[in-house]
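> I am attaching a structure below and will ask some questions about it afterwards.
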Amino acid sequence: MAIEEIPADRLDAEQFIATQLEAISATVGDSIAINALSGGVDSATVTMLGHRALGDRLKTYFIDNALMRQDEPQQIVALFAELGVNVELIDAQDEFLNALAGITDPEEKREAVTRTFYHDVFGRLVRESGAKYLLQGTILTDVDETVAGIKRQHNVFQQLGIDPQQAFGYQIIEPLIQLRKDGVRKVAQALGLPESIYNRMPFPGPALAARIIGDVTRERLATVRQATAITEEELADVDAFQYMAILHEDRVTGMREGRREFGQQIEIRCWNSIDARTATPTHLSWDTLEKLSHRIVTEVPGVVSVTYNITTKPPSTMEVV
Ligand code: XMP
């Protein structure tokens, strides 16, 4: 079934919210719904819609998959607590790391994260909660890219012809499926979410695992996490759609304190984009790049090289895995 797009410039956010609240209430009835909050604008918007429609009958979980950015799980849970939304933090770090152990192939990596998320951790939470309905922040771009075979996004089982009720025993509700990212931001703002959420940079479902080439281990996650924190700090004032640090697998020789060090490489990407379908690299100033590089090689242990990617999407994708 074709999905009718609502472009951001034709979106009446208030009317959209009213329609979705009604639809969620009608579908869920007196039952319980469940959703996972990642802190991104999509899942945050769905959480607020679900909370408004269902109140306490929406159970929201933040799954700590060991792949999030610095302090992200605690910060998101605290932010939603301030908004009156109770979010339960689930520590599933070991499960995800075990599932990812030894996997280097990008698709297998995504598959491991997806499967651990749905089949193991979230599936278990759903079974325990008794919820039959899952609220999910799928947007139209996810559908397009999945249908086009560019990527197998984790959240579009229906578009892939997989019946989630058969596969996992629950039904998915996707209130944002007609919107693209710019539309979701409008809805998020209209829902009263803070700017740190409605203007939040997109962050992929596989999280930092999408930014590690090769093995995903605690140690390598710590490296990319630290480089990510520095990158986000240094580029915070840059007008860009998304920026990220990527950890490479290849090592290169560096010199530190007079000794040769066969160290790690971080690649920086900073994208201009409207809706993530296409993207171009941002013209960062040389000063900005130099400062970023200097901070990463001095503050992140083991990193001796920093590069900046100047490729467009397509043919690149924004993430690396
Ligand atoms: P790519 O790498 O496909 O990224 O050019 C386009 C946009 O989508 C985000 N992204 C994802 N988001 N689950 C998500 O929810 C995913 O598996 C995923 N992969 C990429 C990416 O961060 C960018 O904004």
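All residue numbers for the sequence shown refer to this note's numbering, where the first residue is 4 and numbers rise by one.
For glycine and all other residues, C-beta sits at the position ideal for the given N, C-alpha and C.
Starting from L176, trace the alpha helix (DSSP H) in both directions and tell me its first and last residue.
Against the sequence shown, residue 176 aligns to sequence position 173. Going by the sequence as given, residue 176 is Ile instead of Leu. I176 -> not in any alpha helix (DSSP H); beta strand (DSSP E) instead, spanning 174 to 176.
> For the structure I just gave you, are there three or more beta carbon pairs, one from the region 198 to 214 and one from the region 64 to 74, closer than 8 Å?
yes
> Of the choices E236, F120, E198, P76, whose alpha-carbon is the least far from that of K294?
Sequence index remark: in the sequence shown, residue 294 carries index 291 (1-based). Answer by Cα proximity: E236.
> Helix, strand or coil for G87? Go by DSSP, reduced to three states.
Counted from its first residue, the sequence shown places residue 87 at position 84. Three-state DSSP puts G87 in coil, outside helix and strand.
> Give the straight-line distance between the Cα atoms of L163 and D145, rounded to the nearest whole angstrom.
As a position in the sequence shown, residue 163 is number 160, starting the count at 1. As a position in the sequence shown, residue 145 is number 142, starting the count at 1. Residue placement at L163 cannot be trusted, given a pLDDT of 49 that sits under 50; the coordinates are not used to answer.
> In angstroms, rounded to a whole number, what distance separates the CA positions of T220 and A213?
Your numbering for residue 220 matches position 217 in the sequence shown. Your numbering for residue 213 matches position 210 in the sequence shown. Approximately 13 Å, taken between the alpha carbons.
> For G257, write down the residues that DSSP places opposite it in a beta bridge.
Sequence index remark: in the sequence shown, residue 257 carries index 254 (1-based). G257 is bridged to E264.
> Assign R272 to one of three DSSP states: helix, strand, or coil.
Here the question's residue 272 lines up with position 269 in the sequence shown. Strand, per DSSP.
> Can you give me the Cβ contacts of Q23 inside the same chain, cut-off strictly under 8 Å, excluding the 5 residues immediately before and after it?
Indexing the sequence shown from 1 puts residue 23 at position 20. L52, A56, P178, listed in sequence order.
> With C-beta atoms as the reference, is E8 less than 7 Å away from L128?
Translated into the one-based positions of the sequence shown, residue 8 becomes position 5. Translated into the one-based positions of the sequence shown, residue 128 becomes position 125. No. Outside cutoff.
> Give me, in chain order, the residues of the same chain whose beta-carbon lies closer than 8 Å to that of G105; leave out the 5 immediate sequence neighbours on both sides.
By one-based count along the sequence shown, residue 105 stands at place 102. Same-chain partners within the cutoff: D218.
> Are there three or more Cβ pairs, one per stretch, closer than 8 Å when the region 132 to 140 is compared with the region 95 to 114?
No contact exists between the region 132 to 140 and the region 95 to 114.
> Run through the DSSP bridge pairs and tell me what Q245 is partnered with.
Numbered from 1 along the sequence shown, position 242 holds the residue referred to as residue 245. Answer is W274.
> Taking 6 Å as the cut-off, is the beta-carbon of E114 closer than that to any non-hydrogen atom of ligand 1?
The residue labelled residue 114 in the question sits at position 111 within the sequence shown. Flag unset: Cβ of E114 not near ligand 1.
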